[in-house]
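With full-length UniProt numbering as the guide, the letters of the sequence shown map in order to residues 1 to 276.
Where a beta carbon is used, it is the ideal one built from N, C-alpha and C, also for glycine.
Computed from a prediction, not measured in an experiment: that's the story for all the values here.
Written below as structure tokens is the structure these notes are about.
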Amino acid sequence: MEIRYPAHPEAFKTYTTDRLRQEYLIEKLFEPGQINLVYSHVDRIIVGGVCPTDAALTLEAGKELGAEYFLERREMGAINIGGAGTITLDGETFSLGPRDGIYIGKGIKEVAFASVDKAAPAKFYCNSAPAHAAYPTKKVGLADARQVHLGSLEESNKRIIYQYVHPDVLQSCQLVMGMTILEPCNVWNTMPCHTHERRMEVYLYFDLPEKAVVFHFTGEPTETRHIIVRNEQAVISPSYSIHSGVGTTNYTFIWGMVGENQTFTDMDHVPMSELR
């Protein structure tokens, strides 16, 4: 498990492109036959990619958590962006097709990931946060997620937000997680932008062709920077940072938030005139 540490906004301003990428970009999440995890001390979120092939992969706690098992004091959400797969939780198996998700509550001891076909492996994208209570595990398919339609073709940001781990869908401690799909010919996400001091956020960008990129904007609204992001890469955003992007084509991204509340609309909107 890789460990990442937070930075003060004043330090953030001084970072070079390489330093920004080193601290906030997660470049390799999905490697065949592996579990890759990044533990960020920004609200103690864990971001993971699981790509089982020949055999099932079991989630282990490791010394970094100081726990007997991974979800002893944590909850987790997972969304499958690959081929069909399964997640087995304390002996109960859940089938997850492409873009199906699941919420896994605190206290589940065994978490095992598998692919139905190793030639078309599942790719489970996971977000995990500390949890104070145990809530029921629940599978959430794409059709079960709460939909919010936003944007317009004129603003190049027409999109559908699918809320998987959300108070209107299921109960969790602090984790909120979902997926946004941009329609063809639309390239902007989360613009006009916002911050939310109460929560941090992580984006996973995918459904990008090999030569396509997303310019992900980060930093304080008056001190913006950008990070070039490619297919199946994730970006960590501290609470003081904006988190928006524009692609060379349309794309899909998964967002996950942890922090003080679960109020999706709790945002500090930034007037376009104040961006720098």
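Item: Please classify I3: is it buried, with 16 or more other beta-carbons within 10 angstroms of its beta-carbon, or exposed?; Value: exposed
Item: Which residue marks the beginning of the alpha helix (DSSP H) containing Y135, and which one marks its end?; Value: Unbroken run through Y135: none, as it is neither H nor E.
Item: Can you tell me whether S156 is helix, strand or coil according to DSSP?; Value: coil
Item: Give me the Cα-Cα distance between V180 and G91, rounded to the nearest whole angstrom.; Value: Note on residue identity: the sequence assigns Thr, not Val, to residue 180. The straight-line gap from Cα to Cα measures roughly 32 Å.
Item: According to DSSP, is S273 part of a helix, a strand, or is it coil?; Value: helix
Item: Are the CB atoms of P6 and G33 nearer to each other than 8 Å?; Value: no
Item: Label P271 either buried or exposed according to how many other C-beta atoms from any shown protein chain fall within 10 Å of its C-beta, with 16 as the threshold for buried.; Value: exposed
Item: List the residues that DSSP assigns as beta-bridge partners of V258.; Value: M200
Item: I26 to N189, Cα distance in whole Å?; Value: 19 Å
Item: In chain order, what residues of the same chain have a beta carbon less than 7 Å from the beta carbon of D243, not counting five sequence neighbours either side?; Value: Inspection of the sequence shows that residue 243 is occupied by His rather than by Asp. Answer for H243: T190, E201, Y203, T218, S237, listed in chain order.
Item: Which partner residues of I81 appear in the DSSP bridge assignment?; Value: Answer is none; I81 lacks a bridge partner.
Item: Helix or strand or just coil, what does DSSP make of Q171?; Value: coil
Item: Between the alpha carbons of K13 and E223, how many angstroms are there, rounded?; Value: 7 Å
Item: What three-state label does DSSP hand F30 in the structure shown?; Value: coil
Item: Would you list the one or two residues that DSSP bridges to P130?; Value: R74
Item: Tell me the DSSP bridge mates of M179?; Value: Y162, I254
Item: Return the CA-CA distance between A120 and I46, expressed in angstroms with no decimal places.; Value: 26 Å
Item: Could you give the residue range of the beta strand (DSSP E) that holds T218?; Value: 214-218
Item: Less than 8 Å between C-beta atoms, sequence neighbours within five positions excluded: which residues of the same chain meet that for V140?; Value: D100, G101, I102, Y103, Y164, V165, V169, L170
Item: How about A129 and L175: are their beta carbons less than 8 Å apart?; Value: yes
Item: Report yes if the CB atom of V214 is closer than 8 Å to the CB atom of G245, and no otherwise.; Value: yes
Item: Is the CB-CB distance between N157 and N250 below 8 Å?; Value: no
Item: Using the Cα positions of H269 and F206, report the straight-line distance between them to the nearest angstrom.; Value: 26 Å
Item: Please report the straight-line C-alpha distance between A114 and T265, rounded to a whole angstrom.; Value: 35 Å
Item: Using beta-carbon positions only, say whether L142 and Y162 come within less than 8 Å of one another.; Value: yes
Item: Return the chain-ordered list of same chain residues with a C-beta closer than 6 Å to the C-beta of V148, the five sequence neighbours on each side being excluded.; Value: I161
Item: Taking 6 Å as the limit between beta carbons, can you name the residues of its chain near T58, skipping five residues before and five after?; Value: A112
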